[in-house]
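In terms of UniProt numbering, the sequence shown opens at residue 1 and continues consecutively. The beta carbon of each residue, even a glycine, is placed where N, CA and C say it ideally should be. One structure below.
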Amino acid sequence: MATATVTSCVRALPVGDPGEPQRAERDDLLALARQPWTMHIGRTPIVVRRATVRDLRGVGQMHRRCSARSLLDRYRQGGRPPTPAALDAELRNPTGFVAVTADGGVVATASVRRDPGHSYVCAEAAVLVEDGWQRRGIGSELLSHLAGVAQVAGFTELIAYPGTAIPAAQRLMVEVGRTRMVPDVNAHLHTYLPEAATLGLGSVRQRLAG
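And the structure:
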């Protein structure tokens, strides 16, 4: 990746001890980021919670129900699902999430993690929604949550690698913050997280909605 792309991510961060009140606030937000929350798709409740290795079977089944196009946009590996070992590793990500129906079926996965191709303030956001559940708002809800999680974790930018779905991904990212596309070999999107990104945490939005 070109140096200009990498250095464009760098932002000045506060230096020194943030102080006890700030640490306490951050701890509270981290707790909220880990809490399960519920979105409603029509009349259907979908619970979003942290992923664990116990979800391997359900997540694997969801991947088998996804089209090659959806898998290509998520993993950029020729439309093939990841190996069970790769899925197991993904489920061990402490900032990975699954969206499940009342019967326990997994319909979407989402994760945010440090992006090794960019500066330390950049996190990669990834969302996969099962084909039969797409275009219902699940992706938007999950991305808003990931933006909040990323900001709480100390990141200031989200990076997305949308494969063939650049226009759709750009529309979702713009809802989170100011977004630009980098036409690199691996075309990707940069979204600058606003201070209000933590309001996108699912548990926060659920509380505000009453």
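Item	Value
Pick from L193, A110, V129, L29: whose alpha carbon is nearest that of S203?	L29
Below 8 angstroms CB to CB, which residues in the same chain sit around R69 once its five sequence neighbours on both sides are set aside?	G79, T164
Say whether the region 164-174 touches the region 188-205, bearing in mind that this needs 3 or more beta-carbon pairs closer than 8 angstroms, one atom from each stretch.	yes
Using the C-alpha atoms, what's the distance from V176 back to D55?	28 angstroms
Do V130 and V107 have their C-beta atoms closer together than 7 angstroms?	Here the sequence assigns Glu to residue 130, which means Val is not the residue at that position. For E130 and V107, yes; Cβs fall inside 7 angstroms.
Where R74 and A24 are concerned, what is the direct C-alpha to C-alpha distance, given to the nearest angstrom?	35 angstroms
Between the C-alpha atoms of L199 and R205, what's the straight-line distance to the nearest angstrom?	7 angstroms
Where do the N-terminal and C-terminal ends of the beta strand (DSSP E) with V182 fall, by residue?	178-182
Have a look at W133 and P45 and give me their C-alpha separation to the nearest angstrom.	13 angstroms
In or out: P81 buried (at least 16 other Cβ within 10 Å) or exposed?	buried
By DSSP, does L128 sit in helix, in strand, or in coil?	strand
Just grab the DSSP bridge partners of E141 for me.	None, per the DSSP bridge assignment.
From this set, T95, R136, A102, I138, which residue's C-alpha is nearest residue 213's C-alpha?	Not covered by the structure: residue 213. The range shown for the chain is 1 to 210.
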